[in-house]
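Residues are numbered in this note's numbering as their position in the sequence shown, beginning at 1, plus a constant of 1.
Data first, discussion second: the structure below is written as structure tokens.
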Amino acid sequence: MEDCIFCKIASGEIPADVVYSDDQVTAFRDLNPQAPTHILVIPRCHIATLNDLQPSDEAVVGRMYGAARDIASAEGLAEAGYRTVMNCNEAGGQTVFHIHLHLLGGRMMHWPPG
Ligand code: 5GP
Ligand code: ZN
Numbered sequence: 002m003e004d005c006i007f008c009k010i011a012s013g014e015i016p017a018d019v020v021y022s023d024d025q026v027t028a029f030r031d032l033n034p035q036a037p038t039h040i041l042v043i044p045r046c047h048i049a050t051l052n053d054l055q056p057s058d059e060a061v062v063g064r065m066y067g068a069a070r071d072i073a074s075a076e077g078l079a080e081a082g083y084r085t086v087m088n089c090n091e092a093g094g095q096t097v098f099h100i101h102l103h104l105l106g107g108r109m110m111h112w113p114p115g
């Protein structure tokens with residue numbers, strides 16, 4: 002989609018610190034990290050919010066979680082633990098309207114989240 006920053010990162014038009022990439026998803030370090038490790042896993046196809054997810058998109062969301070699992074392991078987070086979160090719309094804290102799974106680790110996470 003034109004003018005979507007994460008579509009541009011997925012296509013390589015905008016640079017990012019990419020840690021994982023395959024035919025369906027790509028993952029890169031967050032520009033403004035909220036934890037020692039903060040990675041965003043995104044689908045290559047444009048899906049604006051979780052509300053817009055179609056049944057045919059569900060496999061790619063599964064791939065996002067599979068990638069997050071493998072990245073967490075590669076980053077040395079698996080045993081200690083980590084958090085994955087997807088924000089939806091304004092009240093959920095979403096600011097970029099191309100779905101992304103936050104993978105946060107390297108410190109203790111708090112609950113309930115802010
Ligand atoms: P949201 O608030 O939508 O859940 O998360 C958006 C995330 O994208 C934020 O954590 C923000 O720091 C990150 N972000 C926004 N623009 C860029 C960018 O151009 N590059 C990278 N690497 N991260 C970005
Ligand atoms: Zn997009």
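Here a beta-carbon is modelled for each residue, glycine too, at the ideal position from N, C-alpha and C.
Note that this is a predicted model, so its numbers are computed, not measured.
For Met2, the distance from the CB to the nearest heavy atom of the ligand ZN is below 7 Å. Shortest gap from the CB of His101 to any heavy atom of the ligand ZN: 7 Å or more. Short note on Cys8: C-beta closer than 7 Å to some heavy atom of the ligand ZN. Between Val42 and Leu102, the gap from beta carbon to beta carbon is short of 8 Å.
In this model, Ala81 and Asn33 are separated by some 23 Å (Cα to Cα). Assignment of Ile72 by DSSP, reduced to helix, strand and coil, places it in the helix class. Secondary-structure assignment with DSSP links His39 through a beta bridge to Leu105. When DSSP states are grouped into helix, strand and coil, Pro56 belongs to the helix group. Comparing alpha carbon positions, the residue from Gly107, Ser12, Trp112, Gly115 closest to Thr38 is Gly107.
Going by DSSP, Ala49 is part of no alpha helix (DSSP H) at all; its letter is neither H nor E.
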